[in-house]
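Numbered by mature numbering (1 follows the signal peptide of the UniProt record, and there is no 0), the letters in the sequence shown go through residues -18 to -1, 1 to 785 in order.
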Amino acid sequence: MRPLFLPIYASLAALVGGAAIPLALRDDLYAEDLPTTNVTDSAAVPSETATVLSIAAADPGYWLKDMPRKGRSPFNPDPGYQVFRNVKDFGAKGDGITDDTVAINTAMASGGRCAPGACQSSTLTPAILYFPAGTYLVSGSIVMYYNTQLIGNPNSLPVLKATSNFQGLGLIDGDKYVGSNQGWPSVNVFWRSARHLKIDLTAIAPATGATGIHWPTGQATSLQDIQIIMTASSASTHQGLFIEDGSGGYIGDLTITGGLYGMNIGNQQFTMRNIAISNAIVGISQIWNWGWLYSGMTISNCGTAFSMSNGGTTSQSVGSVTIIDSTITNCPAFIDTAWTPNASPATGGSLILENIVLSNVPTAIRGPNSATILSGGTTTIAAWGQGHKYTSQGPTEWQGIFTPVARPSSLLDGNGRYHIKSKPHYWEWTVSQVMSIRDAGATGDGVTDDTQAIQAALNAAASAGKILYFNYGVYKVSTTIKIPAGSRIVGETYPVILASGGPWGSATNPVPVIKIGNPGESGRIEWQDMIVSTQGPAPGAVLIEWNLAASRDSGMWDVHTRIGGFKGSNQQVGQCPIQVPVSGACMAAYMSMHITTSGTGAYLENCWFWTADHDVDEGKNTRISVYTGRGLLVEASGVWLWGTAVEHHSLYQYQFANAREIFAGFIQTESPYYQPAPDVRNSPYPTTQAINDPTYANCQSGNCDALGLRVLNSKNIYVYGAGLYSFFNNYSTLCSNKPTAGGTKDCQSEMFSIEGSTDHLWMYGLNTIGTMNMVVQDGKSVAKWSDNANDFSDTIALFTYRI
């Protein structure tokens, strides 16, 4: 449970009624932001029961909704608890006439689930809410409960249509306010998603505040394949996506039209890609952040494409932004910024642009008082930035062009952009092409050894070219499971592979739990929506080992590790309390994931490798001390890491050792909360030279914590945004607080280490917290926090090494 930061609003209670962020709170909007073409209010607000919507749509075949329902939550005391819920089974009509609000929220709540404000968190009540094709009128928010997936039919997107008298903060409310507080602290909202939906706000009058999705959130969450439609009136106060805080996160493949703001967003960090926004007054309003990566954005016909000037020159609230591989069309201005050489904080408003195509955009960068910083037109911005840069010549404050990354072709698509592959949804597949893991003999009851049944099913599904569907459950295994080439694996709302006993008892003899291919094998795998865990103790467990030389269509999407802190782990608050001597019973894993030298072509998207810092099933989110050795070790070449995070591992979070051609954006880490008691040099996991463990020989006594990122003897490493955080010193946050609040910024001595023969390393948007030395090279400090202070984090816009 990390600290909650909400730097912009003292109170958001006024928003609960559904009002948009008032223009008065934004001092960075100009008259020229208004669309040049007025849309009359009557045209912008069609009848909510128009004839075209009055007939319930037929629901096309879709394998997910046609599968027999065999998911179970084995640790839920109700043996009949329902995981998959078709909203029509709860009375929703989807006919465009009936108000379906109550029926949908009944489907959400049924079964004693974890409600906002009434429950802190839970792994015991997962659910899928399935929306068949149709138009669902809603007059109030669809209130999400913890651990929920909203899924529509991708073959005919269901429409969630607000009525003209809609009340609520978000048609989908991902964290409902209870009084003046969020129902859950947003930084602890994990394991949820929404996809294949269309959200329509056009029946709401332009002057009435309206929000498509309210999504304050933490890690292991996503929005994908969603359309949001709003009025295009110049008087609009609507916003498509509203995020006020949290610790995200990944969002991709959205289409947003109309509104005051396409997205009005603030969070500690996020990765967003492949989002199209059109006909909004402001495409993206960045309220605040520490760091953010935008890639593949398409913004058109907006007054301003991107506004990051909130707070003005005296109090910039946006920490850092990186935008790459994007296209801006028919907008008077691309970016509004408050940055100047004398702005405060000194590194606030840090910005990196790379490969941005402008078409009919007169002003590329607009500064304070509408000053043109960079002219636009129809052109391509190869690379431009502002903030602090560190090169071979040392640190510099700068604003202007720079030489971009010489991108290796192995990491690119055919258009020179970085390779992406969205999570496959298999909408054209039928039930006959899908195999249920339960039908194959696995029980998922958290007790039975399912090893043999799982392995046999994986082999059979891959050989037959079928999807293997893991109905929700907790699948206990006692030996390594091998995922063969040709596998397509889909989980039902994050089922768990639980490694227990067996070969995982030694911290000096690591054994994989899941092994993707063997060294020397090649082919394709697709794996999504699952969690790999251990039942402690398991000090020798490598939760995921990727050996396969993968083809371009391979990947892992929304696959996470969750180590300790949940029912069934045997490592909850009763077994692993804080501030006591290390217990062997709480040694939970050797490593979260290892991409070995043979694992070329590994593609990870929205994967969170988490050693639990609190007990999510205890009811109070009480902190615990669970010990794991290492986070993510990459030794391969040609690897993509999109929106990944690694937290609370004893020796390091990310390590690139003898790696080549790695794309990483955005990466996020947290150091273990218990360190330095014990510190990294006294970790319960001994270091191993065979896998290049760091020795921390030069680490400062008393501040020697696990590195966020270590790059050793590696080449062509491209990091597009990083948030490397150290909040605690033996569970005290004094070391990470702002100096103005009595903080010391010295939770640990070093965070990002470059070592050995590493060269051609690029880092955009480096943000650290609680770290004395942001970057060290072979043990020597090259960047200190005190030279790069931002609002809460400390920021370097551009860092290069031996390029």
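C-beta atoms are modelled at their ideal positions from N, C-alpha and C, and glycine is treated no differently. Model, not experiment: these values are computed from the prediction.
Q) Going by the CB atoms, is the gap between G240 and W197 shorter than 8 Å? A) Numbered from 1 along the sequence shown, position 215 holds the residue referred to as residue 197. Numbered from 1 along the sequence shown, position 258 holds the residue referred to as residue 240. Judged by beta-carbon spacing, G240 lies beyond the 8 Å limit of W197, meaning their Cβ atoms are not closer than that value.
Q: Just confirm the distance between the C-beta atoms of N588 and P658, as a whole number of angstroms; I'd bet it's less than 8 Å.
A: Translated into the one-based positions of the sequence shown, residue 588 becomes position 606. Translated into the one-based positions of the sequence shown, residue 658 becomes position 676. Contact between N588 and P658 is absent: CB atoms are separated by about 31 Å, not below the 8 Å threshold.
Q.
Ignoring anything shorter than 3 residues, give me the beta strand (DSSP E) runs that lie fully in the region 600 to 660, in order along the chain.
A. List check, beta strand (DSSP E) in window: 609 to 616, 619 to 629, 634 to 639 and 642 to 652.
**Q.** Endpoints, beta strand (DSSP E) assigned at L46
**A.** What you label residue 46 is simply residue 64 of the sequence shown in a count that begins at 1. From DSSP, L46 is part of no beta strand (DSSP E) but of the alpha helix (DSSP H) over W45 to D48.
**Q.** Own chain partners of N312 with C-beta closer than 6 Å, once the 5 adjacent residues on each side are dropped
**A.** If you number the sequence shown from 1, residue 312 lands on position 330. Excluding positions up to five away in sequence, the list reads S282, N283 and N342.
Q: Measuring alpha carbon to alpha carbon, tell me which of S632, V621 and S357 ends up nearest F638.
A: Position 656 of the sequence shown holds residue 638. Ranking the options by Cα distance to F638, first place goes to V621.
Q. Unbroken beta strand (DSSP E) runs of length 3 or more, entirely within the region 701 to 774: which are they?
A. Qualifying beta strand (DSSP E) stretches, in chain order: 730 to 737, 741 to 751, 753 to 759 and 762 to 766.
Q: State the beta-bridge partners of N68 as determined by DSSP.
A: In the sequence shown, residue 68 corresponds to position 86, counting from 1. Answer is Y112.
Q) Can you find a CB in chain D that lies within less than 8 Å of the CB of S123? A) Considering every chain present, this structure includes no chain D. It has just one protein chain.
Q: May I ask which residues mark the beginning and end of the beta strand (DSSP E) holding M573?
A: By one-based count along the sequence shown, residue 573 stands at place 591. Note, M573: beta strand (DSSP E), M569 to I577.
**Q.** First through last residue of the beta strand (DSSP E) which encompasses V84
**A.** Against the sequence shown, residue 84 aligns to sequence position 102. Run containing V84: none in the beta strand (DSSP E); it sits in the alpha helix (DSSP H), T83 to A91.
Q: Note down, in chain order, each residue of its chain lying with its Cβ closer than 7 Å to the Cβ of S731, except the 5 sequence neighbours on either side.
A: Reading the sequence shown from its first residue, position 749 is the one you call residue 731. The answer, listed in chain order, is C681, Q682, N685, C686, M754 and N755.
Q) With 16 other CB atoms within 10 Å as the buried threshold, where does D71 fall? A) As a first step, residue 71 is located in the sequence shown; it is residue number 89 there, counting from the start. Exposed is the label assigned to D71, since fewer than 16 other Cβ atoms lie within 10 Å of its Cβ.
Q | The beta strand (DSSP E) enclosing I383, as first and last residue numbers | A | As a first step, residue 383 is located in the sequence shown; it is residue number 401 there, counting from the start. Note, I383: beta strand (DSSP E), G376 to I383.
**Q.** Nonlocal neighbours in the same chain, by C-beta distance under 6 Å from I3, ignoring five residues either side
**A.** Against the sequence shown, residue 3 aligns to sequence position 21. Any reading at I3 must be qualified, since the residue scores a pLDDT of 36, below 50, and its modelled position is unreliable; the value itself is stated next. Correct list, in chain order: N246.
**Q.** Simplified DSSP assignment, three categories, for G779
**A.** For this step, residue 779 is matched to residue 797 along the sequence shown. Rather than Gly, the amino acid found at residue 779 in this sequence is Ala. If DSSP states are grouped into helix, strand and coil, A779 belongs with the strands.
(Q) Give me the DSSP bridge partner(s) of D155. (A) To locate residue 155, count along the sequence shown from 1; it is residue 173. DSSP, once it has assigned bridges, lists V125 and H196 as partnering D155.
Q | Beta-carbon proximity check, D773 vs S299, cutoff 8 Å | A | Working through the sequence shown from its first residue, we reach residue 773 at position 791. Working through the sequence shown from its first residue, we reach residue 299 at position 317. Cβ distance < 8 Å, so D773 and S299 count as in contact.
Q.
Going by DSSP in three states, L139 sits in which element: helix, strand or coil?
A. Along the sequence shown, read from residue 1 onward, the residue named residue 139 stands at position 157. Assignment of L139 by DSSP, reduced to helix, strand and coil, places it in the coil class.
Q: Closer than 6 Å by C-beta to residue 795: which residues in its own chain qualify, once you throw out the five before and the five after it? Chain order, please.
A: One cannot answer for residue 795 here, as it falls past the ends of the chain, which runs -18 to 785.
Q. Taking buried to mean at least 16 other C-beta atoms within 10 Å of its own C-beta, is A584 buried or exposed?
A. In the sequence shown, the residue the question calls residue 584 occupies position 602. Around the beta-carbon of A584, 16 or more other beta-carbon atoms lie within 10 Å, marking it buried.
Q: State whether the region 404 to 422 contacts the region 373 to 384, with contact taken as three or more CB pairs (one from each stretch) at a distance under 8 Å.
A: Taking one beta carbon from each stretch, the region 404 to 422 and the region 373 to 384 have fewer than 3 pairs nearer than 8 Å; the two do not touch.
(Q) Taking 8 Å as the cut-off, does the region 494 to 502 touch the region 470 to 478 (at least 3 CB pairs, one atom from each stretch)? (A) Cβ pair count under 8 Å is below three, so no.
Q: Apply the 10 Å Cβ neighbour rule to R8 and answer buried if 16 or more other Cβ atoms are within range, or exposed otherwise.
A: Sequence index remark: in the sequence shown, residue 8 carries index 26 (1-based). Unreliable placement is indicated for R8, whose pLDDT of 34 sits below 50; no coordinate value is reported for it.
Q: Would you mind stating whether R642 and K697 have Cβ atoms separated by less than 8 Å?
A: Residue 642 sits at position 660 when you count from the first residue of the sequence shown. Residue 697 sits at position 715 when you count from the first residue of the sequence shown. It is a contact, given that the beta carbons lie within the stated cut-off.
Q) By how many angstroms is the C-alpha of S391 removed from the C-alpha of G398? A) Here residue 398 refers to the residue found at position 416 of the sequence shown. Here residue 391 refers to the residue found at position 409 of the sequence shown. One C-alpha to the other measures close to 8 Å.
**Q.** DSSP three-state assignment for T31, whether helix, strand or coil
**A.** Numbered from 1 along the sequence shown, position 49 holds the residue referred to as residue 31. Low local confidence applies: a pLDDT of 39 at T31 is under 50, so the model's placement there is unreliable, and no value is given.
Q. T433 lies in the alpha helix (DSSP H); which residues open and close that run?
A. Taking the first residue of the sequence shown as position 1, residue 433 is located at position 451. From DSSP, the alpha helix (DSSP H) with T433 extends over T433 to A446.
Q: Name the two residues that bound the continuous beta strand (DSSP E) containing A523.
A: Locating residue 523 in the sequence shown gives position 541, where the first residue counts as 1. Counting along the chain, the beta strand (DSSP E) containing A523 begins and ends at A523 to W528.
Q. Beta strand (DSSP E) containing M279: first to last residue?
A. If you number the sequence shown from 1, residue 279 lands on position 297. Premise fails: M279 is in no beta strand (DSSP E) and is neither H nor E.
Q. By a C-beta neighbour count over all protein chains shown, 10 Å radius and 16 as the cutoff for buried, is M90 buried or exposed?
A. For the purposes of this step, residue 90 is taken as residue 108 along the sequence shown, with counting starting at 1. M90 comes out buried.
Q | Local conformation of P350 per DSSP, three classes | A | Residue 350 sits at position 368 when you count from the first residue of the sequence shown. DSSP places P350 in the helix class (H, G or I) of the three-state scheme.
Q.
Restricting to Cα atoms, I'd like to know which of Y636, T360 and A442 is closest to A646.
A. In the sequence shown, counting from the first residue as 1, residue 646 sits at position 664. The candidate whose alpha carbon is nearest that of A646 is Y636.
Q: Look up G244 in the DSSP assignment and say whether it is helix, strand or coil.
A: Working through the sequence shown from its first residue, we reach residue 244 at position 262. Correct three-state label for G244: strand.
Q.
Given this structure, state the Cα-to-Cα distance separating residue 808 from N337, to the nearest angstrom.
A. Outside the modelled stretch of the chain, which goes from -18 to 785, sits residue 808, for which no answer is possible.
Q. Do the CB positions of F172 and G152 come within less than 8 Å of each other?
A. As a position in the sequence shown, residue 172 is number 190, starting the count at 1. As a position in the sequence shown, residue 152 is number 170, starting the count at 1. The Cβ atoms of F172 and G152 do not sit closer than 8 Å to each other.
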